[in-house]
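**Q** Listed in order, the protein sequences are those of chains R and S.
The opening residue of the first sequence carries number 4 in this note's numbering; numbering runs sequentially from there.
The opening residue of the second sequence carries number 103 in this note's numbering; numbering runs sequentially from there.
Okay, handing you the structure first.
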Amino acid sequence: MRFILNTGRTIVQGCHVEDKYSETYAGEVSTCRMNLLDMLELGVEEGEYVSVTCGSGSVVLKVVAAGEAIPCGSVFVPYGPYINHIMPEDTHSTGMPDFKSVVVVITPTTEPRKTLQDLIEDLGGRMYEIR
Amino acid sequence: MKFDDVLCPFCGCLCDDITVTAEGGRVTGVDNTCLLGTSKFLGDNRLKNPIMRTDDGWKDVTYDEAIASTLDALLEADRPLLYGWSGTHGEAQCIGVHMAELLGAVIDNTSSVCHGPSILAIQEVGHPGCTLGQVKNRADVIIYWGCNPTEAHPRHMSRYTTYADGYFLDNAFRDRTVIVVDVRRTETAELADVFVEIKPGGDYAVLSALRAMVRGRDEMIPDSIAGVSKEQLRHIVEICKNAKFCAVFFGVGLTMTRGKYKNVRNAIELVDELSRHTKATITPMRGHFNVYGSNEVNTWMSGYPYAIDFCRGIAFYNPGETTAVDILARKECDAALIVASDPAAHLPSKCIRHLANIPVVQIDPYPNMTTAFCNLQIPVAVSGIDAEGTAYRMDGVPIRLRKVLETEYPTDTMLLGRIYEAMMEVRGR
Ligand code: SF4
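This is the structure in structure tokens:
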């Protein structure tokens, strides 16, 4: 199904910006908040996984029911390395890519959500083990 | 030891009423902060010393070694990018601009993926702004458009708007009307007197409709615009025109959607229209505590607020070309210095893939996503906790950050100063 994706800040994401290797940060920024009716139509329940695809790739995120806060047809994902994995880099000559109102395709999936380490290694980075 | 009236170095509210207790080289308690500020002050996972990437892991290096290898990386590059700068103080940002000029580098700050488009709009039509003190004491109508202060600037409403009693408003909560415009019903929306839910991407159209209605051209407006009824638009126009002082705050909801700076331009022009009827102002909700400062420092030093390219020997500015996302996506830079920000957590993957392929030096107190993509990270003191300096609040008011801890870490100013001096020596300046 096609949805409009918005990304943005959340308080949990904000509280962990200086603690990005924590479980809480990775958990928060890999959630996809949806309207209950859309969840019904997609056939997914809270805690299940969806694959979110747009121009530059796909990423697996965990579904969080957002009640009425998110209108039907839209989803919200907190800013961070998960969703930016698929954000298009085109800035339309403004310097700013589209981080909001982006059209994405969402399908239920049984694939596992990537760990932060997998995401980092996919992009050519190397995880630093905190001592 | 207890420190009063400390600044919180997290968001653009730059709250200056924080009480901090510090003992044994650590912050042990804070009062008056929101959750974001508390986690920043109490955060305890700093990098202990500089680290350098090796073939099979990481090794610890000394500051002298780290400085030498930073010089190698930056002096050997043809087109270095110096990016970040929002989470440090003005004095360090100043050295950054000097360094960019010496290297013929591009210097950009995080505003290019935040309120950069707002600055482009301001360059087109000006900025009818005011200080937050004016808003607190005078504004009886507040509009939050495309922003969610409850989660991003948690004390904004209690210090300056909804819950802040002012000189001309004895009972702020009763006397102020708060309008929230957004594409979803956020927690901020729950606290509003009027919530306007717009369809995603509909901001420009709704702003245009409001402008027309303020001009008295109601008849041109269809029954519904981007999901908002004409009746509700009329209601908002009435509230705004009858206000004594209407303060608009807007967030990246306007700058990150299609239309970008044109959305912001339209919002500024709405404020302009409203100012023919009453007093109206507009302020961007700046994110990092000193991102505004970075724009100020860049502007008074080079003439431009961000995305400044010194490769011609003079400052050149062309957002869309000289902005970090575009330079990285085009794989144009061949080395990068990242200061006080975390591009690997916030830029599109194509940009991060390029970072993984070039020499990257990061100056930051904490391990973050960019750590995984840099060759060298040098930890420094945290501005506002163990380093002092100047920061600019979201309304452009410069305030002095205080220092509450003694530290062995160098400050950004000390470290960048040493690197810059060594660069000048090599370049024979
Ligand atoms: S609102 Fe911003 S500046 Fe104020 S305490 Fe919270 S994070 Fe710090």
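In this text, a Cβ means the ideal position worked out from N, Cα and C, and glycines have one as well.
If you're wondering where the values come from, they're calculated on a predicted model, not measured in any experiment.
Pick helix, strand or coil for residue 112(S), following the three-state DSSP scheme.
**A** Three-state DSSP puts residue 112(S) in coil, outside helix and strand.
**Q** Output the boundary residues of the alpha helix (DSSP H) element that contains residue 374(S).
**A** Residue 374(S) -> alpha helix (DSSP H) spans 363-376.
**Q** Going by other Cβ atoms of all chains shown within 10 Å of its Cβ, with 16 needed for buried, is residue 147(S) buried or exposed?
**A** Label assigned to residue 147(S): exposed.
**Q** Alpha carbons only, please: which of 193(S), 187(S), 180(S), 136(S) is nearest the one belonging to residue 501(S)?
**A** Answer by Cα proximity: 193(S).
**Q** Considering only the alpha carbon of each residue, which of 264(S), 199(S), 110(S) lies closest to residue 532(S)?
**A** Because chain S here runs from 103 to 531, residue 532(S) falls outside it and cannot be looked at.
**Q** Do you know how far the Cα of residue 234(S) is from the Cα of residue 572(S)?
**A** It is not possible to answer for residue 572(S), since the shown part of chain S is limited to 103 through 531.
**Q** Let me know the beta strand (DSSP E) ranges lying completely inside the region 306-362 of chain S, each 3 residues or longer, listed in chain order.
**A** Taking only runs of at least 3 residues, the beta strand (DSSP E) segments lying wholly in the region 306-362 of chain S are 347-352.
**Q** Using a threshold of 6 Å, is the CB atom of residue 347(S) nearer than that to any non-hydrogen atom of the ligand SF4?
**A** No, Cβ of residue 347(S) sits at least 6 Å from all heavy atoms of the ligand SF4.
**Q** Mind checking whether residue 422(S) and residue 58(R) have CB atoms under 7 Å apart?
**A** Their beta carbons are not under 7 Å apart, which means residue 422(S) does not touch residue 58(R) by this criterion.
**Q** Could you give the DSSP three-state label for residue 52(R): helix, strand or coil?
**A** Three-state DSSP puts residue 52(R) in a strand.
**Q** Anything in the region 76-90 of chain R with a Cβ closer than 9 Å to a Cβ of chain S? List those residues in chain order, please.
**A** The residues in question are 76, 77, 79, 82, 83, 84, 87, 88, 89, 90.
**Q** Count the other CB atoms within 10 Å of the CB of residue 270(S); is the residue buried (16 or more) or exposed (fewer)?
**A** Residue 270(S) comes out exposed.
**Q** Could you check whether residue 472(S) and residue 514(S) sit closer than 7 Å to each other, using their CB atoms as the reference points?
**A** The answer is no: Cβ separation not under 7 Å.
**Q** State the CB to CB distance for the pair residue 313(S) and residue 372(S), rounded to an integer number of angstroms; the pair is presumed to be in contact (CB under 8 Å).
**A** The pair is a contact, with the Cβ atoms about 5 Å apart (cut-off 8 Å).
**Q** Per the contact definition of three or more C-beta pairs closer than 8 Å, is the region 381-395 of chain S in contact with the region 422-437 of chain S?
**A** No: fewer than three Cβ pairs fall under 8 Å.
**Q** Could you please go through the chain and list the residues whose beta-carbon is closer than 6 Å to any non-hydrogen atom of the ligand SF4?
**A** Going along the chain, the residues that qualify are 110(S), 112(S), 113(S), 115(S), 116(S), 117(S), 135(S), 136(S), 138(S), 139(S), 255(S), 256(S), 257(S).
**Q** For residue 204(S), which residues of its own chain have a beta-carbon under 8 Å away from its beta-carbon, when the five flanking residues on both sides are left out?
**A** Closer than 8 Å at the Cβ level, and outside the excluded window around residue 204(S), lie 522, 525, 526, 529, 531.
**Q** With a cut-off of 7 Å, does the C-beta of residue 425(S) fall near any C-beta of chain R?
**A** It does: the Cβ of residue 425(S) has a partner Cβ on chain R nearer than 7 Å.
**Q** Using a Cβ-Cβ cutoff of less than 7 Å, which residues in the same chain neighbour residue 39(R) once the five nearest sequence positions on both sides are dropped?
**A** 68, 70.
**Q** Where DSSP assigns a beta bridge to residue 185(S), which residues make up the other side?
**A** Per DSSP, 210(S), 440(S).
**Q** Using a beta-carbon distance cut-off of less than 7 Å, what residues from the region 468-479 of chain S approach chain R?
**A** If the cut-off is 7 Å between Cβ atoms, the region 468-479 of chain S has 468, 469, 470, 471, 473, 474, 475 near chain R.
**Q** Per DSSP, what kind of secondary structure is residue 126(S) in: helix, strand or coil?
**A** DSSP places residue 126(S) in coil when its eight states are reduced to three.
**Q** Would you check if there are 3 or more beta carbon pairs closer than 8 Å linking the region 245-263 of chain S to the region 432-439 of chain S?
**A** Touching, no, given that fewer than three Cβ pairs across the two stretches are closer than 8 Å.
**Q** With a 10 Å radius around its C-beta and 16 neighbouring C-beta atoms as the bar for buried, classify residue 504(S) as buried or exposed.
**A** Classification of residue 504(S): buried, given that the 10 Å Cβ count is 16 or more.
**Q** When the cut-off is 7 Å and only beta carbons count, does residue 130(R) lie next to chain S?
**A** Taking Cβ atoms only, chain S reaches closer than 7 Å to residue 130(R), which makes this a yes.
**Q** Could you list the residues in the region 355-377 of chain S with a C-beta less than 7 Å from some C-beta on chain R, going in chain order?
**A** Correct list: 355, 357, 358, 359, 360, 362, 363.
**Q** Can you list the residues of chain S that residue 30(R) reaches, using a CB-CB cut of under 8 Å?
**A** The contacting residues do not exist; residue 30(R) stays about 15 Å from chain S at best.
**Q** For the region 431-453 of chain S, which residues have a beta carbon sitting closer than 8 Å to at least one beta carbon of chain R?
**A** Answer set for the region 431-453 of chain S: 431, 444, 446, 447, 448, 449, 450, 451, 452, 453.
**Q** Between the region 393-411 of chain S and the region 362-369 of chain S, can you find at least three pairs of beta-carbon atoms closer than 8 Å?
**A** No, the region 362-369 of chain S does not touch the region 393-411 of chain S.
**Q** Quick one: what's got a C-beta closer than 8 Å to residue 94(R)'s C-beta in the same chain, skipping five residues either side?
**A** The residues are 100.
**Q** Would residue 388(S) and residue 496(S) be called neighbours here (beta carbons separated by less than 7 Å)?
**A** Yes; because the gap between Cβ atoms is below 7 Å, this pair is in contact.
**Q** For residue 294(S) versus residue 280(S), is the C-beta distance shorter than 7 Å?
**A** Yes, the pair counts as a contact, with Cβ atoms nearer than the cut-off.
**Q** Classify residue 435(S): buried if its beta carbon has 16 or more other beta carbons within 10 angstroms, exposed otherwise.
**A** So residue 435(S) counts as buried.
**Q** How should residue 116(R) be labelled, buried or exposed, when 16 other C-beta atoms within 10 angstroms of its C-beta is the threshold for buried?
**A** Burial call: buried.
**Q** When the Cα atoms are used, what is the spatial distance from residue 74(R) to residue 8(R)?
**A** Cα to Cα, residue 74(R) sits roughly 11 Å from residue 8(R).
**Q** For the region 260-274 of chain S and the region 232-246 of chain S, state whether three or more C-beta atom pairs, one from each stretch, are separated by less than 8 Å.
**A** Yes: at least three Cβ pairs fall under 8 Å.
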